[in-house]
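Engineer:
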Ligand code: UD1
Ligand code: CA
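Have a look at this one:
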């Protein structure tokens, strides 16, 4: 049920300078989903009446990601005034003027934080009828984070940013996670008063905490149980660390759901992949994008599947496949490259050193060795001899090759498209097939062999 007293502000306007990237930081990916996508998925779980995402740097691509991951969410533009305080101010200004509930602020660069932790924070905030409740974390290395400053009684007094902190303050290991609950009233009264007297010359949201303390408003910092939940991604070292952590959780989840994973350390499973029971994943395997794998399929080692569908009991070994459909009990590899539009039927085979693209290979059909099959249809039970190549490209246009059912092609056949081979036909070894072959015919295009008797005798003596 929607919580009409809850609004969520997602901060995603920053450039992410420390990533040193042309891509906005919040669009760098973790398990195949941008950081911002993870945060928006969490925001959605909280069933807030309002979700507002603040954008500025590369605003169009970031706004498009918001629409993708939380369709219909409000996007507001931060102006040229920098800082997290300003970002929250423009977001609060975009809420209905009569909204008087709680505002949860989350960062687009804190992807692993889960909805249950935020709900716990919100409940603590509401129990205490606080003006602000912030999620803190006790960390070993607090470098870069804002520090939680407490008084002699242990009560929260203010947040000081790392770059503005004294040596004593830098020794504090309790840090600000960048996740907070504020009452809308507390924000509306104080955001306009924020100054920018700090090392970065920005309006810091964190200064609102100190202002509330000065006004004797009830404020609280609640430490999170697992500090890694709130790890912010500011550079690529943190990105890979978070990726490994998330992957370990995803792999474990699938193991508990009945998937055999031989080597969790080298097995990568994206967020949107789905695997059935008794799927087996061998080492060095990446199940990427929205790949689905049915029961009993065996994938790997050394395999990447991006946005693929794999049928039950298929075997895919040392392969790279994108947007391919691999039928039940089909076999692929070792050393196969399946490009978009490949569809392999039940029990079919794409074997060793074979590349396919936009190729429909019917049930029981086999392309076992050393082939390129592009823009082609191959009928049921057909066998393509070793080295069969579709010459689909005339230098200007691509043309189709249609090979019927139960055809036997020879080794080293070239199919010069457009060309059609009828059901039951046979092609001789080495043939260059430039003309259509009728059903059940034998096609030969290689000059008859001529033997020169005793040729070696004359040459080597
Ligand atoms: C911020 C907090 C710090 C906390 C840390 C936790 C402030 C001043 N500091 O620091 O106390 O320990 O997060 O991860 O808030 N953003 C905007 N508009 C801006 C600037 C930033 O929307 O003008 C967004 C960024 O896109 C990012 C988030 O706010 O998603 C945090 O900004 P970032 O620059 O990463 O802040 P930190 O230095 O990490
Ligand atoms: Ca950050």
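Residue numbers (the working numbering): 99 to 559. Glycine residues also receive a C-beta, built at the ideal position from the N, C-alpha and C atoms. For clarity, every value in this text was computed on a predicted model and none was experimentally measured.
Within 10 Å of its beta-carbon, does residue 533 have 16 or more other beta-carbons around it, so buried, or fewer, so exposed?
Structural biologist: Result: exposed.
Engineer: Report, in whole angstroms, the separation of the C-beta atoms of residue 560 and residue 393, which I expect to be a contact under 8 Å.
Structural biologist: The structure shown has nothing for residue 560, since the chain only spans 99 to 559.
Engineer: How long is the line joining the alpha carbons of residue 283 and residue 234, rounded to whole angstroms?
Structural biologist: 22 Å
Engineer: Starting from residue 140 and walking both ways along the alpha helix (DSSP H), at which residues does that stretch end?
Structural biologist: 133-143
Engineer: Just to confirm the assignment: which complete alpha helix (DSSP H) runs, minimum length 4, are found wholly within the region 337-395?
Structural biologist: none
Engineer: Along the chain, where does the beta strand (DSSP E) that runs through residue 453 open and close?
Structural biologist: 447-459
Engineer: Return the chain-ordered list of same chain residues with a C-beta closer than 6 Å to the C-beta of residue 383, the five sequence neighbours on each side being excluded.
Structural biologist: 365, 397, 398 and 401
Engineer: At the level of alpha carbons, what is the spacing between residue 423 and residue 444?
Structural biologist: 10 Å
Engineer: Near residue 489, which residues of its chain fall below 7 Å by C-beta distance, leaving aside the five closest residues on each side in sequence?
Structural biologist: 512, 513, 514 and 515
Engineer: Tell me which residues share the same chain as residue 518 and place their Cβ nearer than 7 Å to its Cβ, disregarding the 5 neighbours each side in the sequence.
Structural biologist: 500 and 534
Engineer: From residue 323 to residue 272, what does the alpha carbon distance come to, in whole angstroms?
Structural biologist: 12 Å
Engineer: What is the C-beta distance between residue 506 and residue 538, in whole angstroms, given that I count them as a contact (C-beta under 8 Å)?
Structural biologist: Taking 8 Å as the upper bound for CB-CB distance, residue 506 and residue 538 are not in contact here, some 11 Å apart.
Engineer: Quick one: does the C-beta of residue 330 sit closer than 7 Å to a heavy atom of ligand 2?
Structural biologist: Under cutoff, so the answer is yes.
Engineer: Between the alpha carbons of residue 149 and residue 190, how many angstroms are there, rounded?
Structural biologist: In this structure, the CA atom of residue 149 is about 11 Å from the CA atom of residue 190.
Engineer: Once the 5 residues before and after residue 267 are set aside, which same chain residues still bring their CB inside 8 Å of it?
Structural biologist: 245, 247 and 258
Engineer: Is residue 297 near ligand 2, with its Cβ less than 7 Å from a heavy atom?
Structural biologist: no
Engineer: Under the rule that 16 or more other beta-carbon atoms within 10 Å means buried, what is residue 469, buried or exposed?
Structural biologist: buried
Engineer: What whole-angstrom Cβ distance do residue 203 and residue 303 have, given they're in contact under 8 Å?
Structural biologist: About 7 Å separates the Cβ atoms of residue 203 and residue 303, confirming a contact at the 8 Å cut-off.
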